[in-house]
Amino acid sequence: MTGDAKRAVVTGVSSGIGAATARRLLDDGWSVTGFSRRDPGIDHDRFTRVAVDLGDLDALSEQATAVGAVDAVVHAAGLQSSAPLGKLRVEDGLDMWRIHVAAAEVLVDALVPSMRNGGRVVLVGSRTMSGAAGKSQYAATKSALVGMSRSWAAELVDRAITVNVVAPGPTDTPMLNDPARTSTPPKLPPLGRFIAPEEVAGLIGFLVGPLGGSITGQAIVQCAGASL
-4 MTGDAKRAVV
6 TGVSSGIGAA
16 TARRLLDDGW
26 SVTGFSRRDP
36 GIDHDRFTRV
46 AVDLGDLDAL
56 SEQATAVGAV
66 DAVVHAAGLQ
76 SSAPLGKLRV
86 EDGLDMWRIH
96 VAAAEVLVDA
106 LVPSMRNGGR
116 VVLVGSRTMS
126 GAAGKSQYAA
136 TKSALVGMSR
146 SWAAELVDRA
156 ITVNVVAPGP
166 TDTPMLNDPA
176 RTSTPPKLPP
186 LGRFIAPEEV
196 AGLIGFLVGP
206 LGGSITGQAI
216 VQCAGASL
């Protein structure tokens, strides 16, 4: 990898928002270390893949600690299971908590101590963080990211490290058609189309880029009008 490029860790790079973010940062000149279970098929001299199951928190901590100093962390990995009251499975909620919240904790806790001052942390949340019928467990994990990120932003402000949540609405990724969310099929936003992963990656790229340094402790909703 190029020695003078800024370094980012991006999770969930095998598909969806994580893959789009990795490619966006590579296009912007970053060196990217991608964490994922599956091979993303990204062939680039500034890309390194770390094969890890983000649900294995001990392995994640070990791999993150080995990365060394970075300038940005983007936690984009996710999964979604949905069910109404009366049909909730505790295991589904715990699985989502482990990937969305616990993995973010482990990752950022391992990387921030050696992160360069002026670094950036972005967690990918969801517009449903404020609540959505049939998605209570998913919404709970995404709303937790907001409180956690604001707490970290307050802790790290003296080092000029920013921490934000990007909260997209329905995005055209494999998760959109996941059988685990059949009880809550996606609704087309008012703009008449689903959000492209590259659009979310563009917002993330701005937040970690040179003009994003004054934004911290925020949850930025990107929803194609779904919040109107």
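Residue numbers (my numbering): -4 to 223. Cβ atoms here follow ideal geometry from the backbone N, Cα and C, with glycine treated the same way.
CB of residue i within 7 Å of CB of residue j, strictly
{"i": "valine 47", "j": "alanine 54", "result": "yes"}
{"i": "alanine 135", "j": "alanine 127", "result": "no"}
{"i": "alanine 105", "j": "serine 146", "result": "no"}
{"i": "alanine 3", "j": "leucine 20", "result": "yes"}
{"i": "valine 107", "j": "valine 158", "result": "no"}
{"i": "glycine 212", "j": "alanine 155", "result": "no"}
{"i": "glutamate 193", "j": "alanine 15", "result": "yes"}
{"i": "proline 165", "j": "phenylalanine 189", "result": "yes"}
{"i": "aspartate 90", "j": "glycine 200", "result": "no"}
Buried/exposed call for residue i, threshold 16 Cβ in 10 Å
{"i": "histidine 39", "result": "exposed"}
{"i": "serine 109", "result": "exposed"}
{"i": "methionine -4", "result": "Reliability of the predicted coordinates at methionine -4 is poor, the pLDDT of 39 falling under 50, and no value is obtained from them."}
{"i": "alanine 64", "result": "exposed"}
{"i": "proline 180", "result": "exposed"}
{"i": "proline 169", "result": "exposed"}
{"i": "valine 8", "result": "buried"}
{"i": "valine 195", "result": "buried"}
{"i": "glycine 120", "result": "buried"}
{"i": "alanine 149", "result": "exposed"}
{"i": "glycine 11", "result": "buried"}
{"i": "valine 68", "result": "buried"}
Three-state class that DSSP yields for residue i in the structure shown
{"i": "glycine 204", "result": "coil"}
{"i": "aspartate 95", "result": "It should be noted that the sequence gives histidine, not aspartate, for residue 95. The answer is helix: DSSP assigns histidine 95 an H, G or I state."}
{"i": "glycine 13", "result": "helix"}
{"i": "isoleucine 199", "result": "helix"}
{"i": "methionine -4", "result": "With a pLDDT of 39 at methionine -4, under the threshold of 50, the modelled position of this residue cannot be trusted, and the question is left open."}
{"i": "glycine 29", "result": "strand"}
{"i": "glutamine 75", "result": "coil"}
{"i": "glutamine 132", "result": "helix"}
{"i": "proline 163", "result": "strand"}
{"i": "leucine 20", "result": "helix"}
{"i": "arginine 154", "result": "helix"}
{"i": "alanine 214", "result": "strand"}
{"i": "valine 8", "result": "coil"}
{"i": "threonine 43", "result": "strand"}
{"i": "valine 119", "result": "strand"}
{"i": "asparagine 112", "result": "coil"}
{"i": "valine 85", "result": "helix"}
Neighbourhood of residue i by C-beta, 8 Å cutoff - its chain only, sequence neighbours within 5 removed
{"i": "proline 185", "result": "Ala219, Gly220, Ala221 and Leu223"}
{"i": "alanine 78", "result": "Arg84, Asp87, Gly129, Gln132 and Ser178"}
{"i": "leucine 198", "result": "Val161, Ile215 and Gln217"}
{"i": "serine 58", "result": "Position check: residue 58 holds glutamine in this sequence, whereas serine was assumed. Hits under 8 Å: Phe30, Val45 and Val47."}
{"i": "arginine 33", "result": "Ser9 and Ser10"}
Any C-beta of chain C under 7 Å from that of residue i
{"i": "isoleucine 210", "result": "Absent from the structure is chain C; it holds one protein chain and no more."}
Close Cβ partners of residue i (< 6 Å) along its chain, the five nearest in sequence each way excluded
{"i": "lysine 1", "result": "Trp25 and Asp66"}
{"i": "alanine 99", "result": "His70 and Leu118"}
{"i": "threonine 43", "result": "Thr28"}
Three Cβ pairs or more, each shorter than 8 Å: is that satisfied between the stretch 140 to 148 and the stretch 197 to 209?
no
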